[in-house]
Amino acid sequence: MGKVGKIARRTFLFGAVAVAGGVAFGVYKVRTPYENPLKDGLADGASTFNPWVVIDGEKITLITPHGDKGQGVAHAQAALIAEELDVEFGQFEIDFGKPDKAYWNRALAGDGAPFMATDESFTAEATRSFMGGMIKLLGMQITGGSTAMPDSYDKLREAGAVARETLKLAASNVSGVPVAQLKTANGAVQLPDGSELAYTALAGAAAKVEPVTEITLRKPSEWRLIGKPMQRLDMVAKSTGTLNYGIDVDIDGMVHAAVMCNPRQGGKLEGYDASTAESMRGVQKVVEVSGGVAVVADNTWRAIQAVQAIDFDWGAAPYPAEQDGHWAAIEASFTEEQLDKEWRNEGDVTAAMSGGKAVEAAYRVPYVAHAPLEPLNATVLVEDDKVTVWTGHQIPRMLQDQVAKVTGHKSEQIELVNHFMGGSFGHRLEFKHVELAAEIANQMRGTPVKLTYSREEDFAHDFPRHIGMARGSGAVQDGKVTAMDLQVAMPSVVVSQMGRAGLNVPGPDMQIAAGAWNNPYGLENFRMRAYRVPELAPVSSWRSVGASAGGFFFDSLLDELIHEAGADPLQERIRLMQHDVSRKVLEAVGEMSNWGSSLGPNKGRGVAFVESFGVPTAEVIEVTNTEDGITIDKVWVAADVGTVIDPVNFENLVQGGVIFALGHAMNSEITYSDGMAEQANYWDAEGMRLKQCPEIMVRGLENGDKVRGIGEPPVPPAAPALANAIFAATGQRIRELPLYHHIDFA
């Protein structure tokens, strides 16, 4: 990015006003930035230039407010600031900061608007602007939807540049040297005579001047960090076991708690007998919480053992008790009454299929658990005038609101100390575990209470990925795909998830159609309908949300049609693709995998393409059909994110996403019996074994004109690419996940 030019002090942090947002909310209100939260309690001699940089006489601190759940976003945010601030790794500390409206997510509106990512029409852009205005006014601080880098890319570089130029002005005031003759490097302002003034030494002087907002951002050719291989800031601590997660919190006087709530989620607690638990070693207290009971003890293990010794009388589940009932509810929802939205209707699908359907098929995907390695946990201290929460969470300001509802405090009285998270995959967008910890602590005011879920409680009270089914049909002619009709039915993840937060979200749920309606192919005749299934088991966002199912539905059907047409799977996708950036992604993965080259006996290759979160992603998977089952030999991935911030982290995120997706596609599901999840631990929901892990080759393309995130986009294409590869190797077409129901893996 080139020169930003003069940026008004009151607007530079938040960019231009939303056109429609200005009309709805008032231009002044949308343009008015939030106050810098770092000014509160700022020490004498310290300087803050914006909500992301604070410097005192001893250290430089960079605020990285997006939550880090293993994806490296704390490191990436710091790198963006450091690039323009001219500081090196090791010269600064990072801090997640306090929840604040100033950290609202500017990228959230991009995928929230009901338009394809490739749609840059006036209506699409105006709607995104309108939604951006709402998000800004609501102060929505959230990490999710692969938005951390799109949100951070411009504003954090600008924040670093403003701090840099302000420090130069302070150095000019101190030294008498004109600003134009000053340079910066290695955390210091350099004078023409070769001497240096460290940023820390300039903190006091910088506090006395107004932030400089006329800045020029570095050209990509001048970047020291962005686009270059970097060692993540958290790597050494993670490798040595010294990084502190939420589960590592240790507060003086802290007690430990475990809970057991009705495993039939939403069912009542009819009664319980805790007499055995109350007499067990270390137990201090047994208290009721919403839907269950908590045991407070002197350590976590004793609390878990005691709560499991309680005899419970649980009420019935508010959803079908048996798994077949869930599938039946979905099957019954392909009706006009349940139609959520017709997302695409191009050409004349009915006429194109008048000569007969080349393919007619049904697909389905199961509930799937999040199951992050770090169990859900929260430590809460409730005092009369304040509540302190120690945990790792992705929506910190909303968490404050939820805790305030439990304890009766005001939201501004809730202090969150956010922590690194040992995985999430969407699980730490939820609030229930923190609310339960607050319930317990509210009954023990003045005592810090640390709640840790057992693995079994985590599985029983996970809000899994939604279940879904699809019906697809299509026509082919003259070796080409000419028509596709895809209908998808699933419960609304948005209604379920937001409902638990007390929010009502009107309108169609985009996640029912995600990955199925928005792939930028130029199908001559294409219809895509989404049907909303009445609420079943409670569900939540799971890595890549709706696209994890929709991508499997859409690409599996497309692959079947291409096979019926007798066309090459990759070349027909390229022919159909009408988006240049996406076409280059398909071409790249073909070149990487040497698509079309001969394969040995019992081998097969499958390709899939899915656009999610604005990122076109293509994957080719090569498998071998052995006597012991299918082996996954190699995976090639190409994705375009506009700008790759850190190629090392990019590769790691893509590889991790592929392994995550393949393991779930192979083996994982949540099923219900007697209203309860049948899977209770990792051995019941097995992922990919180390010996099964393929070689994964990654290429990040930079043809797109917008910066995008890569945490979720590698997930959706993996399952269909694997199923397509299995078909190529065996002739067996599998239309249901997990695949192990139909085939063995070696």
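Heads up: the sequence shown begins at 176 in this note's numbering, then just goes up one per residue. The beta-carbon is built from N, C-alpha and C at its ideal position, and this holds for glycine as well. Bear in mind that the values here come from a model prediction, so they are computed numbers and not experimental data.
| query | Is there contact here, the region 740–758 with the region 706–713, by at least three beta-carbon pairs under 8 Å? | reply | no
| task | For my contact list, I642 and I479 are in at a C-beta cut-off of 8 Å; report their separation, rounded to the angstrom. | result | Contact flag wrong, Cβ pair sits at about 30 Å.
| query | Going by Cα to Cα distance, which pick from G232, T236, A251 is closest to F825? | reply | A251
| request: Helix, strand or coil for H250, going by three-state DSSP, please let me know. | output: helix
| query | Curious, which full-length alpha helix (DSSP H) runs of at least 4 residues does the region 738–792 contain? | reply | 744–751, 755–768
| field | Per-residue DSSP class, three states only, for A903 | value | helix
| message | Three Cβ pairs or more, each shorter than 8 Å: is that satisfied between the region 654–667 and the region 525–537? | response | yes
| Contact under 8 Å by Cβ, S629 with A433 | yes
| query | Where A923 and A345 are concerned, what is the direct C-alpha to C-alpha distance, given to the nearest angstrom? | reply | Absent from the structure is residue 923, since the part of the chain shown begins at 176 and ends at 921.
| said: Let me check understanding here. Comparing Cα to Cα, which of E735, A896, A893, H839 lies closest to H916? | reply: H839
| With DSSP run on the structure shown, which of helix, strand or coil describes L837? | helix
| Separation of E887 from I918, as counted between CA atoms | 27 Å
| Taking C-alpha atoms, which residue in G697, P666, L548, P681 lies nearest to I687? | P666
| field | Close Cβ partners of Q854 (< 8 Å) along its chain, the five nearest in sequence each way excluded | value | A544, F634, E844, I845, T846, A860
| message | Once the 5 residues before and after P240 are set aside, which same chain residues still bring their CB inside 7 Å of it? | response | F271, G272, Y278, Q316
| task | Have a look at A793, G789, E797 and flag the residue whose alpha-carbon is nearest the alpha-carbon of T293. | result | G789
| query | Whole beta strand (DSSP E) runs in the region 674–725 with 3 or more residues, listed along the chain? | reply | 700–708
| task | Could you tell me whether the Cβ atoms of I426 and T554 are closer together than 8 Å? | result | yes
| Which residue or residues does DSSP assign as beta-bridge partners of G598? | Per DSSP, none; premise fails for G598.
| field | Helix, strand or coil at K148 [DSSP, three-state] | value | Nothing in the structure corresponds to residue 148, since the chain is present only between 176 and 921.
| message | Between the alpha carbons of G402 and H608, how many angstroms are there, rounded? | response | 38 Å
| query | For F729, is the classification buried or exposed, using 16 other Cβ atoms within 10 angstroms of its Cβ as the cut-off for buried? | reply | buried
| query | According to the neighbour-count rule (16 or more other Cβ atoms, all chains shown, within 10 Å of its Cβ), is K937 buried or exposed? | reply | One cannot answer for residue 937 here, as it falls past the ends of the chain, which runs 176 to 921.
| Hey, would you say V816 sits closer than 8 Å to I796, going by beta carbons? | no
| said: If the criterion is Cβ atoms closer than 8 Å, does the pair A472 and G457 meet it? | reply: yes
| query | Straight-line CA distance for V562 to I615? | reply | 13 Å
| Looking at the structure shown, is Y420 part of a helix, part of a strand, or coil, going by DSSP? | strand
| task | Examine the Cβ distances between the region 588–607 and the region 667–676 and report whether three or more of them are shorter than 8 Å. | result | yes
| query | Roughly how many whole angstroms lie between the Cα atoms of H568 and G320? | reply | 14 Å
| query | Near Q753, which residues of its chain fall below 8 Å by C-beta distance, leaving aside the five closest residues on each side in sequence? | reply | P695, Y696, G697
| C-alpha distance - A896 paired with T388, whole-angstrom precision | 49 Å
| request: Could you check if L837 is buried or exposed, using at least 16 other CB atoms within 10 Å of its CB as the buried criterion? | output: buried
| message | Less than 8 Å between the beta carbons of P891 and S787, yes or no? | response | yes
| query | For P776, is the classification buried or exposed, using 16 other Cβ atoms within 10 angstroms of its Cβ as the cut-off for buried? | reply | exposed
| Among N361, F290, L313, A284, the one whose alpha carbon lies nearest that of S304 | A284
| task | For the region 215–274, list the beta strand (DSSP E) runs that are entirely contained and at least 3 residues long, ordered along the chain. | result | 222–225, 228–230, 235–238, 268–270
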